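Remarks on the structure that follows.
In this note's numbering, the protein residues as written are 1410 to 1589.
If you want it as structure tokens, here you go:
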């Protein structure tokens, strides 16, 4: 539903061809080391940075350069905190947003304060900053059933898509990539 809301189609914009082009592989609420082992080996062999956002010290987190262990059920709050931080630090690709999106002003007006959302998610401001800085690069954001099947699944997946759109991470080696 999040893909339909954002793009009018239920298909991820990135493809497997984008995996070796990414500078950062951001795994959010997914454990592809177990659920998608062939893809995970490929991700690890690309040489890109591996960032895992997951409350669980998973097999994927064991291999991460950075593991952000948020509180269970707070994915949406953390993703919104990261977007708010992108705005605070002027990391939003405004030209891309203006040219290719609708409703950004409304989205921004509903964002939480970074510190409040970070506290709700049980992470530090430094961890929010680490996640925000990942979007300065070509970043593929992967998520799985942990996001898709949560009580806030559509909103959380939409928030991850929003991060890609706001940062201009929609092209070779970047974008929102649901693993199903």
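By construction, the Cβ of each residue, glycine as well, lies at the ideal position given by its N, Cα and C atoms. As the structure is a computational prediction, the values presented were derived from the model and not from experiment.
Distance, residue 1486 Cα to residue 1520 Cα | Here residue 1520 corresponds to residue number 111 of the chain shown, with the count starting at 1. Here residue 1486 corresponds to residue number 77 of the chain shown, with the count starting at 1. C-alpha separation (whole angstroms): 9 Å.
Might you give, ordered along the chain, the residues of its own chain that have their beta carbon closer than 7 Å to the beta carbon of residue 1413, omitting 5 neighbours on each side?
-> Taking the first residue of the chain shown as 1, we reach residue 1413 at position 4. Counting only Cβ-Cβ distances below 7 Å, and skipping sequence neighbours, we find 1419.
Residues of its chain near residue 1476, where Cβ-Cβ distance is below 6 Å and the 5 sequence neighbours each way are ignored = Against the chain shown, residue 1476 aligns to sequence position 67. Within the same chain, Cβ atoms closer than 6 Å to the Cβ of residue 1476 are found at 1461 and 1470, the five residues on either side in sequence being excluded.
Near residue 1442, which residues of its chain fall below 6 Å by C-beta distance, leaving aside the five closest residues on each side in sequence?
-> The residue labelled residue 1442 in the question sits at position 33 within the chain shown. 1449, 1468 and 1469.
Beta-carbon proximity check, residue 1555 vs residue 1417, cutoff 8 Å = Looking up residue 1555 in the chain shown gives position 146. Looking up residue 1417 in the chain shown gives position 8. Contact: no.
Outcome for residue 1578 when other beta-carbon atoms lying within 10 angstroms are tallied against a minimum of 16 | In the chain shown, the residue the question calls residue 1578 occupies position 169. Residue 1578 is buried by the Cβ-count criterion.
By Cβ distance, which residues of its chain are closer than 7 Å to residue 1562, with the 5 residues on each side in sequence left out?
-> Looking up residue 1562 in the chain shown gives position 153. So the qualifying residues of the chain are 1556.
Would a C-beta distance cut-off of 8 Å place residue 1516 and residue 1571 closer than the cut-off?
-> Indexing the chain shown from 1 puts residue 1516 at position 107. Indexing the chain shown from 1 puts residue 1571 at position 162. A contact, by the Cβ cut-off of 8 Å.
What are the start and end residues of each continuous alpha helix (DSSP H) run of 4 or more residues lying completely inside the segment 1537–1574, in chain order?
-> Correct list: 1554–1557.
From the beta carbon of residue 1479, is the nearest beta carbon of chain C less than 8 Å away?
-> Of the chains in the structure shown, none is chain C; there is only one protein chain.
Under the three-state DSSP convention, the category residue 1458 falls into = As a working note, residue 1458 is residue 49 in the chain shown. Note: residue 1458 maps to strand in three-state DSSP.
Where residue 1595 sits in the DSSP three-state scheme = Residue 1595 is absent from the structure shown; the chain starts at 1410 and stops at 1589.
Are residue 1549 and residue 1435 touching if we call contact CB-CB under 8 Å?
-> In the chain shown, counting from the first residue as 1, residue 1549 sits at position 140. In the chain shown, counting from the first residue as 1, residue 1435 sits at position 26. Cβ atoms of residue 1549 and residue 1435: closer than 8 Å.
Any chance the segment 1499–1509 sits against the segment 1525–1536, with 3 or more Cβ pairs inside 8 Å?
-> Judged by Cβ distances under 8 Å, the segment 1499–1509 makes no contact with the segment 1525–1536, as fewer than three pairs qualify.
Can you check whether the CB of residue 1488 is closer than 8 Å to the CB of residue 1543?
-> Residue 1543 sits at position 134 when you count from the first residue of the chain shown. Residue 1488 sits at position 79 when you count from the first residue of the chain shown. Contact: no.
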